[in-house]
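When you line the sequence shown up against the UniProt record's numbering, it's residues 1 to 614, in that order.
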Amino acid sequence: MGLTVHLLGPPRVERPGGGAYQMRSRKSWALLACLILSERPLTRGRLAGLLYAEAQDPLRALRWGLAEIRRCLGVTLDGDPVVLGLPPDAVVDVTVLTHGAWTDAVGLPGLGADLLEGITLRDAPAFESWLLAERRRCAAAAEAILHEAALGRLAEDDLEAASRLALRAAAMSPLDENHQALVIRLYRLAGDDRAAEQQFAAVTDLFREELGVAPGRAIEQAMGEGRRQREVVADDASLEAIVESGAAAVAAGAVETGVRSLRTAIGLADRSGSGPSRLAARLRLAEALIHSMRGMDEEGLAVLYEAERLGLAGGDPAAVARARAEIGYVDFLRARYDRSHRRLTDALAVAGDSGAIAARATTYLGAVESDRAAYAPAARLLERAAELARSCADPRTEAYALSMLGRVHLLTGAVEPAAEHLDAAIRLAERDHWLAFLPWPQALRGEVHLAASETAAAGAMLQQAFARACQLGDPCWEGISARSLALTAEAAGRTEQAFALLADARRRSNRMADSYVWLDAYILDAQCELGRRHGHPNAPLWVGALRRLASRTGMREMTVRAMWHGAALGQAGDHDAARLLAGDIANPALHALLSRQEPSRYRVSAASDGASTI
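Here is the structure:
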């Protein structure tokens, strides 16, 4: 057995030849975690400031900690920035959790345990801020692995193992509608209707008590799941006709009719035993559920895992790539970025000559990097995705890639290229009659108008985007449009209206289980900024909500922004932690914010619009 580092649960190191090593200093464990979890090597100055700021000689104290890590691991550890040279066969449980296959991660002994359990450093508030964020991120990663593993076992038809894993995920986050929907679906598939009904009743009571709402569409749909049938009948020509007619209905806008046809096709294909038909029907149904029906991503995911397995068994790499790209897309929406990145890179590895699949996967990968504030890699990926989509005459993927590229420029303060790319995305969507997509680039374009002080143009664009989003009933498009309208109201001096619109934006964007999680953080950040600026009494609640969400998901810039807002509220360690974490983010707009003097202390004003929803 090689070197194994356990950071989940009580930290320990297992060295070759057996035996665990315990370092004497808690700060040495903290230092090791920083070295392993940081995306790039940290300078000695940053490490000393994070962990040893209270020492008489911080750099000397850092050298002592580095020496203890060398003794513990038996590795090289030197330089500035400090580079940790682990042997190639070393295993780090956190790395397996965030980047490994679910088959490996699900067996980790510390799965679901706290990062550095039992380690606290009261004299290092900046580290404590960092550690809290990383603990939340690891907890979210454990949930994602358990959910992914449950879907994987479901695809293998191991319903008992799948149920155990799904229940563990639901126990970690009982208010996650997707976890609960999967538990209920598994009970129904196994024929245990009583357990499904009991779970549904318990979830209904929980949601009403904690959230004041009934469970959403995903849970209702799971209750409608039926036991799998094994009888065999059907012919390939009929199956192909049903699949194509279902897909055509979805493309024409008759989504529910098309979905019913595709579900029928899956049942017939399974009874016929036709491998190509089983695969084709699943891919078509999954894409319809994920892209055309709100609140149905969870069922779509289960179908995609089955399609991936069938594609692997049938030697169809293009189908495997297609399934993995769509799984990666759902993980992107749910802010499971490490899992999404793995799926999308796997999709690109097997896509072969399929330019359309490569364009789509590259677009999603660029969006992942943008959400995580890796803006330069995101821009390169999205430019490449737009080129690929253009070369294979896929205007919708090109429009989506360009809209995300425009967003990168908007977030980094590059107004002119943001306008150029968003205008191009709008033109493509209009030319292809993709009206269901238009509110997204229009809302972002409205923000670009605002950044250029073009208030009238912003208002006209945003009113159009919001009206179309409401007509479509799309929660994400409604949310982004309402957020942008709030900023327009604030620019015009209508502060109470701005607060009301932001509260409404969050309610709209979160009303279904398959919401775009980054958008919720984006709206929260605007609430925090306005709340601090105007002394709103709910500002501390909004800052806490943003911090929890951003740290759980690994949204690096949003985590920094939450800490910056927290510093204004007087939270110890947040100011220094924000500056330290921002060092890895190449965003001129963010650094301009942080280069200001330390945020003024928060003062509550009497003004409130009554929008207290968090």
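For each residue, glycine too, the CB sits at the ideal point set by N, CA and C.
From a predicted model like this one, the values you see are computed outputs, not experimental measurements.
Count the other CB atoms, across all protein chains shown, that sit within 10 Å of the CB of Gln199; report buried if there are 16 or more and exposed otherwise. With 16 or more other Cβ atoms from the protein chains shown falling within 10 Å of its own Cβ, Gln199 counts as buried.
Buried or exposed: where does Pro87 fall if 16 or more other Cβ atoms within 10 Å of its Cβ makes it buried? exposed
Can you have a look at Gln471 and say buried or exposed, based on whether 16 or more other CB atoms are within 10 angstroms of its CB? exposed
Suppose the cutoff is 7 angstroms on Cβ atoms and the five residues either side in sequence are ignored; what does the same chain contact list for Glu148 look like? Trp102 and Arg339
Between the alpha carbons of Ile119 and Ala30, how many angstroms are there, rounded? CA-to-CA, the gap between Ile119 and Ala30 works out to about 8 angstroms.
What would DSSP say about Val213, mapped onto helix, strand or coil? coil
Pick from Arg26, Leu3 and Leu167 that is closest to Glu117, judged by C-alpha positions: Arg26
Taking Val543 as the reference, give the member of Val517, Gln571 and Arg556 with the closest Cα. Gln571
Where does the unbroken alpha helix (DSSP H) through His534 begin, and where does it stop? His534 -> alpha helix (DSSP H) spans Val517 to His534.
Taking all protein chains shown into account, do 16 or more other C-beta atoms lie within 10 angstroms of the C-beta of Asp236, making it buried, or fewer, making it exposed? exposed
Neighbourhood of Thr547 by C-beta distance below 6 angstroms, restricted to the same chain and skipping five residues each side: Contrary to the premise, residue 547 reads as Arg rather than Thr in this sequence. So the list reads Ala562, once near-sequence residues are dropped.
Between Phe437, Glu420 and Phe207, which lies nearest to His449 when the distance is taken from Cα to Cα? Glu420
Assign residue 620 to one of two classes, buried (16 or more other C-beta atoms within 10 Å of its C-beta) or exposed (fewer than that). As shown, the chain starts at 1 and ends at 614. That puts residue 620 outside it, with no answer to give.
Start-to-end residues for the beta strand (DSSP E) that takes in His565: Counting along the chain, His565 falls outside any beta strand (DSSP E), though it belongs to the alpha helix (DSSP H) covering Arg556 to Ala568.
What are the partner residues of Thr455, as DSSP defines its beta bridges? Note: Thr455 sits in no beta bridge, so no partner.
Nearest-angstrom Cβ-Cβ length linking Arg185 and Ala222, presumed shorter than 8 angstroms: With 8 angstroms as the limit, Arg185 and Ala222 qualify as a contact, their Cβ atoms being about 4 angstroms apart.
I'd like to check one pair, Ala521 with Met558: are the Cβ atoms closer than 8 angstroms? yes
Can you find the residues in the same chain that come closer than 6 angstroms, C-beta to C-beta, to Tyr337, ignoring five residues on each side of it along the sequence? Val368, Arg372 and Gly554
Per DSSP, cross-strand counterpart(s) of Leu115: Paired residue(s): Leu8.
Would you mind stating whether Val243 and Ala280 have Cβ atoms separated by less than 8 angstroms? Cβ atoms of Val243 and Ala280: closer than 8 angstroms.
6 angstroms CB neighbourhood of Thr98 in its chain, flanking five on each side removed: Excluding the 5 residues flanking it on each side, Thr98 has same chain C-beta neighbours closer than 6 angstroms at Ala141 and Asp338, in chain order.
With Gly246 as the anchor, note down where its alpha helix (DSSP H) starts and where it stops. Asp236 to Ala251
With distances taken from CA atoms, which of Val517, Thr455 and Asp80 is nearest Pro475? Val517
What do you reckon, are the CB atoms on Val94 and Ile145 nearer than 8 angstroms? In this structure, Ile145 does not lie closer than 8 angstroms to Val94 by Cβ.
Looking only at DSSP bridge pairs, what is Tyr21 linked to? Val13
Proximal residues to Ala359 (C-beta, below 7 angstroms), its chain only, five neighbours per side dropped: Ala385, Leu388, Ala389, Cys392, Asp394 and Thr397
Give me the Cα-Cα distance between Ala247 and Gly300, rounded to the nearest whole angstrom. 15 angstroms
Could you give the residue range of the beta strand (DSSP E) that holds Val83? Residues Val83 to Gly85.
Does the contact criterion of 3 or more C-beta pairs under 8 angstroms hold for the stretch 339–354 versus the stretch 315–330? For the pair of segments examined, the stretch 339–354 was found to touch the stretch 315–330: the number of CB pairs separated by less than 8 angstroms reaches three.
Out of Leu73, Leu487, Leu283 and Asp78, which has the shortest C-alpha to C-alpha gap to Thr14? Residue 14 is actually Glu in this sequence, not Thr. The shortest C-alpha separation from Glu14 is found at Leu73.
Taking just the CA atoms, how far does Ala465 sit from Gly191? Near 45 angstroms, if we compare the C-alpha coordinates of Ala465 and Gly191.
Secondary structure at Asp270, three-state DSSP: helix, strand or coil? helix
Is the separation between the beta-carbon of Ala202 and that of Leu239 shorter than 8 angstroms? no
With 16 other CB atoms within 10 Å as the buried threshold, where does Glu156 fall? exposed
Inter-residue Cα distance where the pair is Ser595 and Cys528: Looking at the two C-alpha atoms, the distance is approximately 19 angstroms.
Output yes or no for whether 8 angstroms exceeds the beta carbon distance between Ala181 and Arg188. Cβ atoms of Ala181 and Arg188: not closer than 8 angstroms.
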